[in-house]
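Scroll down for the structure; my scribbles are underneath it.
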Amino acid sequence: MNIKTLPHVVIIGAGFGGMEVARKLAKAPIRITLIDKHNYHLFQPLLYQVAIAGLVPSQIAYPLRTIFRRQKNIAFQMGEVTDIDFDARYVKLNGSVIAYDYLVLAVGGQTNFFGNQSVEQNGFQLKSIEAAIGLRNHLLKTFEQASREVDVDKRKAMLTFVVVGGGPTGVETAGALAELITHVLIKDYPHMDLKDVRVLLLEAGKTVMPSYPDELRKATNDLLKNKKVEVLVDTKLVDYNGLQVTLGDGRRIPTQTLIWTAGVRAARMLDSLGVEQAGAGRVRVADSLQLKDHAEVFVIGDAAYFENGNRQPLPMLSTVAIQEGKAAAQNIQKILKGQKPEPFHYKDPGLLATIGRNAAVARIWGLSFSGFIAWVIWVFLHIYRLIGFRNRLLVLINWAWEYLFYENQVRLITKE
Ligand SMILES: Cc1cc2nc3c(=O)[nH]c(=O)nc-3n(C[C@H](O)[C@H](O)[C@H](O)COP(=O)(O)OP(=O)(O)OC[C@H]3O[C@@H](n4cnc5c(N)ncnc54)[C@H](O)[C@@H]3O)c2cc1C
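Residue numbers (our numbering): 810 to 1225.
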């Protein structure tokens, strides 16, 4: 069989969605080109662990060429796709073009600052390995500075950490940061006065974790309180100049650290493709995940706007991206067999978020869990979902070490 005559599937993006498509098409009579601007798959839900010096980047990222080493029908190309011609059916990459028969757009999302340039310029975000390492270095450097600062007000500002966004990422980051400070850094800086340290979590809405049921919202608030995180709901940030936060009611909070987790939107490259976009810039797709005007193009994951039964868009979650990836792969195979593609249905696997060591909230099989049991579920689910045996083992050892000794191991300030 001449492999060049096989239908060509191009997948842009090797995140959760793109990887699932590639794997599910492993045995199909097609050839696949998988494109990503990075040479690794990144497990984004654990990025905050890199920022709080809990894990090193290589434990949450895995080289794509290694992942697909044994898959015969796939070729990986590293590079950033800058343009797509849907009529001529090719993508532009690294100065040349790649023609496709079927295209899967799985380019994910990026942080949404909602036009607030002061936060974009002066705040930190958690979306890439570089950003997580930058935040880790900043946190550790700030403690070094604070340890030698004699001016009380300046020291207080250095030791005030503001996290914006009361969704799972903000809650996880605030909880883990509070724990890093109160259990680990305090041992490294025995002369530092703990009462100067503040971790604040700001949420513009009425509650943290708005998509979670009441009992888990309450449990989250209690767990954050235990970790000494100050939760400010109904609190809108309007400006951050790198030295102080200004709130909607005019209050000011001096701080050198603002971590923005309050918004995600679809990748910007989608804006220039001339396709129909809906909320957060996501591309509107048919119920089979195809583009309405180009049935050979599928859009999945954070990049896709897909409404569920209650006319709400599916959330930007890895579980959605993975299920859509599987469905897109099945539909491509159906089309190749001359069958009709099927509509996609999302099966909600539940909710899960951790709030530091020993504490998490979960909603699984219709039951709510909080505290230690939820945390054990969180640990094992994340270990299971990480790619590569070596990564799973190392992360398990790291977490066991932290659990037993209250010791984050990667407290190195490195050059960026
Ligand atoms: C800090 C954080 C915590 C999170 N926590 C959770 C959680 O606990 N549970 C959960 O379910 N979800 C969580 N998410 C969301 C989850 O990570 C995303 O929903 C998921 O990654 C979306 O998958 P995707 O395949 O659509 O995109 P991604 O996984 O983002 O992958 C997109 C890929 O496309 C590549 N790419 C983008 N543009 C181009 C281009 N032009 N050319 C080539 N390549 C390109 C990128 O490099 C990337 O590899 C979290 C996200 C973040 C940032």
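We put the CB at the ideal spot given by N, CA and C, even for glycine.
Nothing here was measured: the structure is a model prediction, and the numbers come from that model.
Whole-Å CB distance - residue i paired with residue j, under 8 Å assumed
{"i": "residue 1257", "j": "residue 861", "result": "Past the edges of the chain, shown from 810 to 1225, lies residue 1257, and the structure says nothing about it."}
{"i": "residue 825", "j": "residue 1072", "result": "That pair is no contact at about 19 Å."}
{"i": "residue 1066", "j": "residue 992", "result": "In fact, because the Cβ distance is near 18 Å, the residues do not count as touching under 8 Å."}
{"i": "residue 1136", "j": "residue 1075", "result": "No, residue 1136 and residue 1075 are not in contact; Cβ-Cβ is about 19 Å, not under 8 Å."}
{"i": "residue 840", "j": "residue 812", "result": "6 Å"}
{"i": "residue 849", "j": "residue 982", "result": "Not confirmed; about 22 Å, so no contact."}
{"i": "residue 1038", "j": "residue 1008", "result": "5 Å"}
{"i": "residue 1106", "j": "residue 912", "result": "5 Å"}
{"i": "residue 1010", "j": "residue 1017", "result": "7 Å"}
Secondary structure of residue i, DSSP reduced to three states
{"i": "residue 1219", "result": "coil"}
{"i": "residue 850", "result": "strand"}
{"i": "residue 887", "result": "strand"}
{"i": "residue 1085", "result": "coil"}
{"i": "residue 1079", "result": "helix"}
{"i": "residue 962", "result": "helix"}
{"i": "residue 872", "result": "strand"}
{"i": "residue 922", "result": "coil"}
{"i": "residue 1116", "result": "strand"}
{"i": "residue 1106", "result": "strand"}
{"i": "residue 1198", "result": "helix"}
{"i": "residue 1148", "result": "coil"}
{"i": "residue 1026", "result": "helix"}
{"i": "residue 825", "result": "helix"}
{"i": "residue 866", "result": "helix"}
{"i": "residue 894", "result": "strand"}
{"i": "residue 832", "result": "helix"}
{"i": "residue 1016", "result": "coil"}
Beta-bridge pairing of residue i - partner residues as DSSP gives them
{"i": "residue 1049", "result": "1054"}
{"i": "residue 1008", "result": "970, 1038"}
{"i": "residue 817", "result": "840"}
{"i": "residue 1074", "result": "919"}
{"i": "residue 1099", "result": "1107"}
Assigned exposure category for residue i - 16 Cβ within 10 Å defines buried
{"i": "residue 1156", "result": "exposed"}
{"i": "residue 855", "result": "buried"}
{"i": "residue 988", "result": "buried"}
{"i": "residue 836", "result": "exposed"}
{"i": "residue 907", "result": "buried"}
{"i": "residue 1047", "result": "exposed"}
{"i": "residue 891", "result": "exposed"}
{"i": "residue 1202", "result": "exposed"}
{"i": "residue 972", "result": "buried"}
{"i": "residue 1077", "result": "exposed"}
Unbroken beta strand (DSSP E) run spanning residue i, endpoints
{"i": "residue 913", "result": "911-914"}
{"i": "residue 809", "result": "With the chain represented from 810 up to 1225, any question about residue 809 goes unanswered, as that position is not in the structure."}
{"i": "residue 1063", "result": "1061-1063"}
{"i": "residue 982", "result": "Note, residue 982: premise wrong, no beta strand (DSSP E); alpha helix (DSSP H) at 977-988."}
{"i": "residue 908", "result": "905-908"}
{"i": "residue 899", "result": "899-902"}
Residue i - containing alpha helix (DSSP H), residue span
{"i": "residue 951", "result": "938-957"}
{"i": "residue 1186", "result": "1181-1194"}
{"i": "residue 1162", "result": "It is not in any alpha helix (DSSP H) - residue 1162 instead sits in the beta strand (DSSP E) that spans 1160-1163."}
{"i": "residue 1224", "result": "That residue, residue 1224, is in no alpha helix (DSSP H); it is neither H nor E in DSSP."}
{"i": "residue 1003", "result": "It is not in any alpha helix (DSSP H) - residue 1003 carries neither H nor E in the DSSP assignment."}
{"i": "residue 856", "result": "856-860"}
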